[in-house]
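Its first residue numbered 7, the sequence shown is counted upward by one per residue in our numbering.
Ideal Cβ positions, reconstructed from N, Cα and C, are used throughout, including at glycine.
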Amino acid sequence: GLLLLIFIVVLSPIMRQVPLCAFAILLVYTGFKLASPAVFKQAYSQGAEQLMFFVGTMVLTLYTNLLIGLLGGLLLALVTHMLLARMSIPQFFKMVYKSKTKLLKRADGTFDLKIRGIANFLGILKVDKLVAKIPYGADVNIDLSETRLVGITYMDYLVEFLKAQRTSGGQVFITGLDSHVSFSPHNRALKISLSSATAKLSQRQKRLRNLATEKNYQYSSQVDWNTIYLKKFHFFEIRPIERKYNCLKGTFEDLNIAWEISDITFNEGQAFTAETFNTTLMILKLNQKIPVFSMEKEGVLGKIFDKVMAFTGYKDIDFEMYPDFSNKFLLMGNDESEIRSFFTDEIIRFFENNHIYHLESNGEALIIFDKIKLARTDETIAFIKYGEELAKVLNEKSTQ
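The following block contains the structure:
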């Protein structure tokens, strides 16, 4: 604000020398970016009601002014929340401001945040006062089971608290949304409680559930908010994760190696250029230390992974004795000697003779994924088989 004030006061004579058509071009360009198809698509992906709020605010602003547009948008959101909550105006505001939301501290030092009533943007100040009482690094369980409605702004606030708390070493669990439904699969979309509602699984989710039952795996279709571990991989250091769901977990018992396959929605780019992608990946948690590296199909750099593997100081590592491997894979890492020592003949032959996946190591685990799309059930089974065979090769190397 201070810089803008100085710019206007001190440099106003220079601004007057700029042709108005130049300013007009900037305004038209900025306006197009603010109302581009991608913005409407992003609003709709968060729920049909969010698109309605966005369009309503925009139309009111264009026909009146910015202040009336913003107030009209807020009023539209409130009326929609009341209709979805199926209650009168007095009841609605009572459940917002007198909802009996409370914070409890257990004997073991953990906290329970019990949220009740209407959880929308009007209630953020109230819950913020409770959250301020929670020390950094503490474990927190946020229970939303007694909420009638949970707005997207409220969910944004809870998720930001979750990220901040986990950064300080605490664990945060958001529970109680099993009986809530939304108009969008977006993990933060507006949710309403239906006591008789049961979660409806897609055909793909049913096949994953059946696979878990058959093979004695663990499966959950719900959103798993615990994505902090993925930040230990460079791919997700620069790509915000929207949600993690459809988690399939198991263990290669003979090798004592745990694995997890899940669907991940993440963002690529910033602001108006941001795009949303979905992929299915496998996390292979090893019981040994390995070098930090990344490996993918040669020639893919410059597409979706172009900004991922160009680590500072990293370069493509080729093996002269294995030209086929070097031609097929782009292998990058910082400690070249350690990586060359790790990639023995058996490991190189394994990668040469199997399907080419994108693979990255953080030193203690591997993430593996194929294409930037959700995997079919047969591809998920292939994931598990590939992970087990790779784990066997790595285990044999560690015992040598």
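If you ignore the 5 residues before and after Q224, its C-beta comes within less than 6 Å of the C-beta of K255, all in its own chain and listed in chain order.
Approximately 33 Å separates the beta-carbon atoms of V298 and S227; this is outside 8 Å, ruling out the contact. With contact defined as three or more Cβ pairs closer than 8 Å, the segment 360–376 and the segment 232–245 are in contact. For R22 and L40, the gap between their C-alpha atoms comes out near 26 Å. Residue state for M21 is assigned as helix, using DSSP reduced to three classes. Setting aside the 5 residues that flank it on each side, T107 is surrounded in the same chain by I121 and R122, each with a C-beta closer than 6 Å to its C-beta; the list follows chain order. F189 places its beta carbon less than 9 Å from that of A54. Taking the Cα positions, L183 is about 39 Å away from T36. In this structure, the beta-carbon distance from M58 to L81 does not fall below 9 Å. Shown here, R112 sits in coil according to DSSP, grouped into three states, outside any helix or strand.
Y251 carries a strand assignment under DSSP once its states are collapsed to helix, strand and coil. For T286, the enclosing beta strand (DSSP E) covers residues E281 to K291. In the DSSP assignment, K295 falls outside any beta strand (DSSP E) and carries neither an H nor an E. Taking C-beta atoms under 8 Å as the contact rule, N126 and G157 qualify, at a distance of about 4 Å. When the five nearest sequence neighbours on each side are left out, the beta carbons in the same chain lying within less than 6 Å of the beta carbon of Y160 are those of A125 and N126, in order along the chain. By the Cβ neighbour-count rule, G129 is buried, with 16 or more other Cβ atoms within 10 Å of its own.
Contact between the segment 147–154 and the segment 172–180 is established, with three or more Cβ pairs separated by less than 8 Å.
In this structure, R249 sits away from I198, with a CB-CB distance that is not shorter than 9 Å.
Counting of Cβ neighbours within 10 angstroms places I267 among the buried residues, the total reaching 16 or more. Taking C-beta atoms as the reference points, L396 and L290 count as a pair closer than 9 Å. Leaving aside the five residues that flank H361 on each side, the residues in its chain whose CB is nearer than 8 Å to its CB run, in chain order, D376, A388 and Y392. Ranked by Cα distance from F356, the options L68, E394, L287 and T383 are led by E394. Under the DSSP definition of a beta bridge, R122 partners with E152.
Excluding five sequence positions before and after Q56, the CB atoms of its chain that fall closer than 6 Å to its own CB belong to A49, given in chain order. By the neighbour-count definition (other C-beta atoms within 10 Å, threshold 16), Y103 is an exposed residue. Taken through DSSP and simplified to helix, strand or coil, D322 comes out as strand. From the listed residues S208, T350, A381 and A264, the smallest Cα separation to M327 is found for T350. Assignment of M161 by DSSP, reduced to helix, strand and coil, places it in the helix class.
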